[in-house]
Structures are given as C-alpha cells and as structure tokens.
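**Student:** Mind having a look at this structure? Questions to follow.
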Amino acid sequence: MKKVCMVIPNPMVKGGIAAVINGYRGSRLERDYQIIYVESYADGGKIKKFIKGICGYLHFVKVILVDRPDLVHIHSSFGPSFYRKIPFIYMASWAGLPIINHIHGSEFGKFYTDAGVRKQRLVRKIWGKCTRFIVLSEEWKRIFSVVIPEEKMAVIENFSVAAPAISRGNRKTVLFLGAINEMKGCYDIVDVIAEVKKRIPDVKMIMCGDGEIKGVKGKAAKCGVLDRFEFPGWVRGEKKDQILREADLFFLPSYTEAMPMSILDAMGYGLPIIASNVGGIPRIVRDNGSMCEPGDIRGFSDKITELLENDEKRLQEGQRSREIVEKEYSLEAHIKRIEQQYREVLTK
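Under UniProt numbering, residue 348 is the last one in the sequence shown; the count climbs by one each step, no gaps.
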C-alpha cells in the first residue's frame, strides 16, 4: 500500500480546509492509501501557533526519515499559510518526493497579483518545486495560470454530504456560515436585511462564525435591524446541524471565493442558495438559487424576499440543491478524483 503524508491544520481549526480533512477521515481514501497526517497549524495565541508549527516540522522530518512516504499532499492557502508550508515543500523536495499542493484560498489577487516583484519571485520559486496543484474551480485554474502551467493543475471541487430529508416550515430564517468580515460581504448583509425587513418584518438573520461581530452588530444597530440578527458564534456538530435544519435559505454575498464549503454544506441540507457570482460559485448555484454581483443590495434583497414569500419556489430550489450534491458533489466522487491524481503523480 502506498504511503501519503498529508500536511493539514488541526481538525478543530475553523474554516473550509479542516472541513475537507474531516471528511477524509474514515473514508475510502484511508483504505486505499496509508495516510500519515502531519498537523501544521492550530487556532490559538501566537505561542501555541509557534509551538504547533515547530512540532509539525519535526513530525514531518520523522515521517520522511522513518515512514518514508511515497507522496506528500499539502493543503495550503495564502497569507501565513503559504509561508508555513515553505519548509514542508523544501524538505519534501530535498527528499525527492512528489508534492501535490492543494490550494483552498481565494485571495490570490491580494497575495500575488498586487505583490511586489520579490514576493512574486518567491511564490514562483516555491510553487515551482511542486509536482501537481489541485485547485477548486475552473475559474481559479484560469487565474492561477499566470504562475502555474495549466498541465500541472487539476480541478477538484469540494464536496458535501447530503443530510436526511428535512420537512421545513417557513421560519423566515436566512443563514450565513463563515468568517464574519468585509470580504465575505457581512456588512452588506446588514443593508440587505434592512431592505428585506421593509417587506418581511419578522425576517431573521442567523450569522454563524467569528471575526468582526462587533462591527456588524454596530452597523445593524445603526440601521435599526439588530433585533433581526442572531450571532451564535462558530458552530460545529449538533449545533451546526440544528441551525442548518431550521434555516429557510442560505446567503453568501462574498466578494471573493474559491469553492465555498459553506454553500455545499447548505445544499446538502436542502437549502436554496442566494450568493454572489464569484469564484466557483456559478458552478454550484444554478436552478437551486440565485446569484447577484457582489455589493448588489437591491438584487440580493429582492431574491431573498421572493424566496421567503414563495414557499413552493423555495422548497423546489432546496430539493434541487440536495440533488446536485448527491449527483455531483458527493464525498465518494471527490475521493475518486483525489486518488486519480495520486495515481498519475506516482506513476510519473
């Protein structure tokens, strides 16, 4: 059995990468390959993150010298994540191991395109040591092609697991899951809900996540809609399951995305989607919801109002979300694509 060393964040880290990794655990991937996990990052203070990073590098050295993997699969993003992965990439390269770099982030423009010449040179140098890249959408493949040769890239979209069928009423509840910040369109959400409230006074907005909660609350108070918002924090497990079951639609007005796990999660629970038309979102939002340009307050508010007022349309689009996940974005289909990349890289 071939051995794969997979460099990952701690499973309890907030965000899409950890959600993907947690899906791998116990899956067919672990039956077909001996997966050796090396954790490179954990949430917490600077000291905890530093210690976790050092332990990750030492563990990786041990894996290379003792376990002798056949392949290294690194899950990465931009910003600090890129720099944390540099030692892993160098060590794997020195050991002569093929490297698959699985890029999850969506801030390539800010990280590379807007960077200086020295930083761009560093990115090209580090990425040049990787054998294969996994990107999350055709759109991101096109964007990355300014740095990465197209023949070295494979598009493997994220996945979801369809929940048991749910009988929904209409609680007039709109759901957001993710980091609460400007890039995710969270301040726009306040303006959108203010417009929706004019036509649906009892609308409820559930914003799950952490980040700029104070800022969003402040804007909601100024707009007179704070009473329509709830902030449960970052949710997992049973709490997340309950919130997804009680929502009527999912809303993600981001300014940049790759292939958001939050949308796929919501689709797996049979929720219709209202989202911005960025990144890989147009691939998954079809007749199961609607899209608008980022920042289109009127467009978003009209779409949300229409769904909350039309039970038949809302339920039909929710059912379509579930069907798309079951047919195209299952964990099993995702694992098959990952294993195909392993085979191709290992037979080179």
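We treat Cβ as the ideally placed atom computed from N, Cα and C, and that holds for glycine.
1) Which term fits Ala165, buried or exposed, when burial requires 16 or more other beta carbons within 10 angstroms of its beta carbon?
2) Less than 8 Å between C-beta atoms, sequence neighbours within five positions excluded: which residues of the same chain meet that for Leu29?
3) Would you say Lys197 and Arg236 are within 9 Å of each other, going by their C-beta atoms?
4) Is it buried or exposed for Asp248, if we count other Cβ within 10 angstroms and need 16 for buried?
5) Let's see if you can read the secondary structure: which residues bound the alpha helix (DSSP H) around Pro87?
6) Hey, how far is the Cα of Phe50 from the Cα of Ser27?
7) Is the CB-CB distance between Ser81 and Ile193 below 9 Å?
8) 9 Å is my cut-off, CB to CB: does Glu212 come that close to chain B?
9) Throw me the rounded Cβ distance for the Asp202 and Gly295 pair, which I believe falls under 8 Å.
10) Going by DSSP in three states, Ile200 sits in which element: helix, strand or coil?
11) Enumerated in chain order, which unbroken segments of the alpha helix (DSSP H) with a length of 4 residues or greater are wholly contained in the region 186-269?
12) Report the start-end ranges of each alpha helix (DSSP H) in the region 5-85 that is 4 residues or longer and not cut off at the edges.
13) Over what stretch of residues does the beta strand (DSSP E) that includes Phe176 continue unbroken?
14) Measure the alpha-carbon distance for Glu150 versus Lys214 and round it to whole angstroms.
15) So within the region 111-157, which uninterrupted beta strand (DSSP E) runs reach at least 3 residues, ignoring any that extend past its ends?
16) Alpha carbon to alpha carbon, how far is Lys3 from Phe60?
17) Name the residue from Leu346, Tyr41 and Asn158 whose alpha carbon lies nearest to the alpha carbon of Gly279.
18) Would you call the region 70-81 and the region 96-106 touching, i.e. three or more CB-CB distances under 8 Å?
19) Is the beta carbon of Val155 closer than 9 Å to that of Trp140?
20) On the criterion of 16 or more Cβ atoms from any shown chain inside 10 Å, does Ile54 qualify as buried, or is it exposed?
21) Evaluate the contact criterion for the region 262-275 versus the region 111-120: three or more CB pairs, one atom per stretch, below 8 Å.
22) What separation, rounded to the nearest whole angstrom, lies between the Cα atoms of Pro282 and Glu293?
23) Is it the case that the Cβ atoms of Glu246 and Arg320 are separated by a distance below 9 Å?
24) For the alpha helix (DSSP H) that contains Ala163, what are its first and last residues?
25) Please name the residue in Asp32, Glu306, Tyr269 and Trp94 whose C-alpha comes closest to that of Val161.
26) Between which two residues does the beta strand (DSSP E) carrying Gly299 extend?
27) When you compare each of Asn288, Leu308 and Thr305 to Glu323 by their alpha carbons, which one comes out closest?
28) Return the residue from the list Thr131, Phe231 and Ile126 that minimises the CA-CA distance to Ile99.
29) Is it buried or exposed, Arg314, if we count other Cβ atoms within 10 angstroms and call 16 or more buried?
30) Using the three-state DSSP reduction, which class does residue 431 fall into: helix, strand or coil?
31) Between which two residues does the beta strand (DSSP E) holding Met274 run?
32) Take Asp43 and list the residues in its own chain whose beta-carbon comes closer than 6 Å to its own, dropping the five residues that flank it on each side.
33) Within 10 angstroms of its Cβ, does Arg84 collect 16 or more other Cβ (buried), or is it exposed?
34) Decide if Met1 is buried, meaning its Cβ has at least 16 other Cβ atoms within 10 Å, or exposed.
35) At what residues does the alpha helix (DSSP H) containing Glu332 begin and finish?
**Tutor:** Considering the structure as presented:
1) What you label residue 165 is simply residue 165 of the sequence shown in a count that begins at 1. Classification for Ala165: exposed.
2) As a first step, residue 29 must be located in the sequence shown, where it is residue number 29. Closer than 8 Å at the Cβ level, and outside the excluded window around Leu29, lie Ile35, Ile335, Ile338 and Glu339.
3) In the sequence shown, residue 197 corresponds to position 197, counting from 1. In the sequence shown, residue 236 corresponds to position 236, counting from 1. Note that the C-beta distance between Lys197 and Arg236 is not below 9 Å.
4) Within the sequence shown, numbered from 1, the residue matching residue 248 stands at position 248. Answer is buried; the Cβ neighbour count reaches 16.
5) Residue 87 sits at position 87 when you count from the first residue of the sequence shown. From DSSP, the alpha helix (DSSP H) with Pro87 extends over Pro80 to Trp94.
6) Position 50 of the sequence shown, counted from the first residue, corresponds to residue 50. Position 27 of the sequence shown, counted from the first residue, corresponds to residue 27. Roughly 31 Å between the two C-alpha positions.
7) Within the sequence shown, the letter at position 81 stands for residue 81. Within the sequence shown, the letter at position 193 stands for residue 193. In terms of Cβ geometry, Ser81 and Ile193 do not form a close pair [threshold 9 Å].
8) Of the protein chains in the structure, only one exists, and it is not chain B.
9) As a position in the sequence shown, residue 202 is number 202, starting the count at 1. As a position in the sequence shown, residue 295 is number 295, starting the count at 1. That belief does not hold up - the Cβ atoms of Asp202 and Gly295 are roughly 26 Å apart, past 8 Å.
10) As a first step, residue 200 must be located in the sequence shown, where it is residue number 200. Coil, per DSSP.
11) Counting whole runs of 4 or more residues, the region 186-269 contains the alpha helix (DSSP H) stretches 186-199, 213-222, 237-246 and 261-268.
12) 16-24, 28-32 and 46-62, all fully within the region 5-85.
13) To locate residue 176, count along the sequence shown from 1; it is residue 176. First-last of the beta strand (DSSP E) with Phe176: Thr173 to Leu177.
14) Along the sequence shown, read from residue 1 onward, the residue named residue 150 stands at position 150. Along the sequence shown, read from residue 1 onward, the residue named residue 214 stands at position 214. Cα-Cα distance, rounded: 42 Å.
15) Entirely contained in the region 111-157, the beta strand (DSSP E) runs reaching 3 residues are, in chain order, 132-135 and 153-155.
16) On the sequence shown, residue 3 is found 3 positions in, with the first residue counted as 1. On the sequence shown, residue 60 is found 60 positions in, with the first residue counted as 1. Straight-line Cα distance between these residues: approximately 13 Å.
17) Numbered from 1 along the sequence shown, position 279 holds the residue referred to as residue 279. Looking at Leu346, Tyr41 and Asn158, the one whose alpha-carbon comes closest to that of Gly279 is Asn158.
18) The region 70-81 is in contact with the region 96-106.
19) For the purposes of this step, residue 140 is taken as residue 140 along the sequence shown, with counting starting at 1. For the purposes of this step, residue 155 is taken as residue 155 along the sequence shown, with counting starting at 1. Result yes, Cβ atoms of Trp140 and Val155 sit closer than 9 Å.
20) By 1-based counting over the sequence shown, the position of residue 54 is 54. By the 10 Å Cβ count, Ile54 comes out exposed.
21) With the cut-off at 8 Å, the region 262-275 and the region 111-120 do not touch.
22) Stepping through the sequence shown from its first residue, residue 282 is reached at position 282. Stepping through the sequence shown from its first residue, residue 293 is reached at position 293. Note on geometry: alpha-carbon atoms of Pro282 and Glu293 lie some 11 Å from one another.
23) By one-based count along the sequence shown, residue 246 stands at place 246. By one-based count along the sequence shown, residue 320 stands at place 320. The Cβ atoms of Glu246 and Arg320 do not sit closer than 9 Å to each other.
24) For the purposes of this step, residue 163 is taken as the residue at position 163 of the sequence shown. Secondary structure note for Ala163: it is in no alpha helix (DSSP H), with a DSSP letter that is neither H nor E.
25) On the sequence shown, position 161 is the one that residue 161 refers to. Minimum Cα distance to Val161 is reached at Tyr269.
26) Counting from one through the sequence shown, the residue named residue 299 turns up at place 299. Counting along the chain, Gly299 sits inside no beta strand (DSSP E); it lies in the alpha helix (DSSP H) bounded by residues Ile297 to Glu309.
27) Here residue 323 refers to the residue found at position 323 of the sequence shown. The option with the nearest alpha carbon to Glu323 is Asn288.
28) The sequence position of residue 99 within the sequence shown is 99, counting from 1. Here the closest residue by C-alpha is Thr131.
29) In the sequence shown, the residue the question calls residue 314 occupies position 314. So Arg314 counts as buried.
30) The structure shown does not extend to residue 431, since the chain is modelled only from 1 to 348, so the question has no answer here.
31) The residue given as residue 274 occupies position 274 in the sequence shown. The question names Met, but residue 274 in the sequence shown is Ile. Ile274: member of the beta strand (DSSP E) spanning Ile273 to Ser276, first to last residue.
32) Residue 43 sits at position 43 when you count from the first residue of the sequence shown. For Asp43, where only same-chain residues beyond five positions count, the Cβ hits under 6 Å are Val13.
33) Mapped onto the sequence shown, residue 84 falls at position 84. By the neighbour-count rule (16 or more Cβ atoms within 10 Å), Arg84 is buried.
34) Walking along the sequence shown from the start, residue 1 turns up at place 1. When all chains shown are included, Met1 counts as exposed.
35) One-based indexing of the sequence shown puts residue 332 at position 332. Boundaries of the alpha helix (DSSP H) around Glu332: Leu331 to Leu346.
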